[in-house]
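Protein chains in written order, with this note's numbering: chain F, 372 to 488; chain E, -14 to 92. What follows is a short report on a single structure.
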Amino acid sequence: EVQLQESGPGLVKPSQSLSLTCSVTGYSITSNYWGWIRKFPGNKMEWMGYISYSGSTSYNPSLKSRISITRDTSKNQFFLQLNSVTTEDTATYYCARLRRGYVMDAWGQGASVTVSS
Amino acid sequence: DVQMTQSLSYLAASPGESVSISCKASKSISNYLAWYQQKPGEAYKLLIYSGSTLQSGTPSRFSGSGSGTDFTLTIRSLEPEDFGLYYCQQYYEKPYTFGAGTKLELK
């Protein structure tokens, strides 16, 4: 059974970078697609992007050039980096497996990140 | 971006009742729609994809219908474990977008 677990700092200062790790067990990240989704206070959800089995990426244009999703296949982990954060990036961040790049059929428990000075 | 509207943000019902949760897309998305359930302390769960196909493990009391712009998630004979937050998501085009969520609570 695939399991995903997010990890990373819970507090980030404005203008700095947010970095999260998703550790995957029970399934190789060299198969399928692996992405990040966030949930803002008030329950709004946003798809952020994904990295594919081959290492190609797709990002939400709303995040422009601030986002980067990378991976370490030797550790079966993938990563989120979001640059130049503001308080509006305060959210719970989820990593997920995207079946064929479309629907999220396995999720992590989520990592709460607050952007504050 | 495709806007997804869940008209009900909150719905109260009792165990044994049947409920329907609606989701409307701002343009036709064919049947490229998924439904998710979130319960406190638990990971999100994919319930339905392709508008009406049950994900493995989803109880048969759940059903999805619709195509184009209007979709419905129906839960027949509610069980206590069904109470939680439900989201629709379109994957017709990127960026994938979600509805605002419907919270199903115990009456």
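Note that CB positions come from ideal geometry on N, CA and C, so glycine has one too.
Residue-level contact to chain F via CB, E/G51, 8 Å cutoff: no
Inspect the beta-carbon positions of F/Y419 and F/N431 and report whether they are closer than 8 Å. A small fix is needed here, since residue 419 of chain F is Met in this sequence, not Tyr. Cβ atoms of F/M419 and F/N431: closer than 8 Å.
Identify every residue that forms a DSSP beta bridge with F/F450. F/T392 and F/T441
CB-CB length for E/S5 against E/T57, believed under 8 Å: 5 Å
Taking the beta carbon of F/T492 as the centre, do at least 16 other beta carbons fall within 10 Å, making it buried, or is it exposed? Only positions 372 to 488 of chain F appear in this structure, which leaves residue 492 of chain F out of reach.
Can you pull the chain E residues whose beta carbon is under 7 Å from the beta carbon of F/N431, in chain order? P80
Residues within the segment 456 to 468 of chain F neighbouring chain E, beta-carbon criterion of under 9 Å: Y465 and A467
Please name the residue, chosen from E/G86, E/Y76, E/P65 and E/Y72, that lies closest to E/E2 on a Cα-to-Cα basis. E/P65
Cβ pair F/T463, F/A482 closer than 8 Å: yes
So what does E/F56 bridge to, in DSSP terms? E/C8 and E/G51
Do you know how far the Cα of E/S48 is from the Cα of E/I60? 7 Å
Can the beta-carbon of F/R468 be found less than 8 Å from the beta-carbon of F/W405? yes
Quick one: what's got a C-beta closer than 7 Å to E/S35's C-beta in the same chain, skipping five residues either side? N16
Strictly under 8 Å for the Cβ-Cβ distance: is E/L31 near chain F by that measure? yes
Burial state of F/S487 (16 or more Cβ within 10 Å): exposed
Just the C-alpha distance for F/L382 and F/C466, rounded to the nearest angstrom, thanks. 18 Å
Residues in its own chain within less than 7 Å of E/A(-2) by CB, not counting five upstream and five downstream? V4, L63, L89 and K92
Three-state secondary structure assigned by DSSP to F/T401: coil
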